[in-house]
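Numbering-wise (the working numbering), the sequence shown opens with residue -6 and increments by one. First the structure, in the form of structure tokens, and then the observations on it.
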Amino acid sequence: MLAEIKEYKFTKKFPTPLQNIVNIVFIAFIFLPPKAAIYTTIGIIYEISLSLILLLLIGNQLYIALTEKHRQPSLIIDKNQIAFSKYFLRKYRLIRLSEVKSINELNQAFDNIIVLTLLNNRKIRLSLHGYSEEAKKQISYAFNELKSEITV
């Protein structure tokens, strides 16, 4: 039985700060339009798009740096429910075990995927990409326990 709450956190490492920005700047200099074309419409579009890309990358690096200290667990397995975060804003999705019909684990060469089939035949796929190997084994073990509880 899963008596306690087990939490698993991502161990995925993000690129070093500003690495993406430096790469984009080098690529931008390679494809820089000639000086004669800088003040044309194409040159202005190029400058605006490069500025927006750099602002987006700086914002992304700030987001990574700020959330590194306050990282929320991305998967929480309890004896009554499964909570996992999805998407960029990390909204949590809660699934009660009473809603789950079956749990299947797909082992692929590069990634493990756990497929939860709900009572309304909707399938939810949880990718274990980004977890350490030890965490993947623990998550697999926890889902096998949940699978045995569901079939009983």
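We put the beta carbon where it would ideally sit given N, CA and C, even for glycine.
Quick check on the burial criterion: 16 or more other C-beta atoms within 10 angstroms. Buried or exposed for residue i?
i, result
"Ile31", "exposed"
"Asn113", "exposed"
"Leu25", "exposed"
"Ile37", "exposed"
Would a C-beta distance cut-off of 8 Å place residue i and residue j closer than the cut-off?
i, j, result
"Phe136", "Ile88", "no"
"Leu121", "Ile143", "no"
"Leu55", "Asn13", "no"
"Leu47", "Phe77", "no"
"Leu111", "Glu92", "yes"
"Leu139", "Leu90", "yes"
In angstroms, rounded to a whole number, what distance separates the CA positions of residue i and residue j?
i, j, result
"Glu127", "Glu40", "46 Å"
"Ala21", "Lys129", "39 Å"
"Ile132", "Ile35", "51 Å"
"Leu85", "Val15", "Just to set this straight, residue 85 is Tyr in the shown sequence, not Leu. Spanning the two alpha carbons is a distance of roughly 33 Å."
"Asn100", "Tyr134", "14 Å"
"Val18", "Ser42", "12 Å"
"Thr60", "Tyr124", "17 Å"
"Ser44", "Gly52", "12 Å"
"Ala58", "Gln65", "14 Å"
"Ile23", "Thr33", "19 Å"
"Lys62", "Lys79", "19 Å"
"Asp71", "Asp104", "23 Å"
"Ile75", "Arg115", "16 Å"
"Ser141", "Ile117", "19 Å"
Which partner residues does residue i have in the DSSP bridge list?
i, result
"Leu119", "Ile107"
"Gln74", "Arg89"
"Leu49", "Beta-bridge pairing links Leu49 to no other residue."
"Ile23", "In DSSP, Ile23 forms no bridge with anything."
"Ile96", "Leu109"
"Lys84", "Lys79"
Would the C-beta of residue i count as close to the ligand MG, meaning under 7 Å from any of its heavy atoms?
i, result
"Phe19", "The model on display carries no ligand, and the ligand MG is accordingly not part of it."
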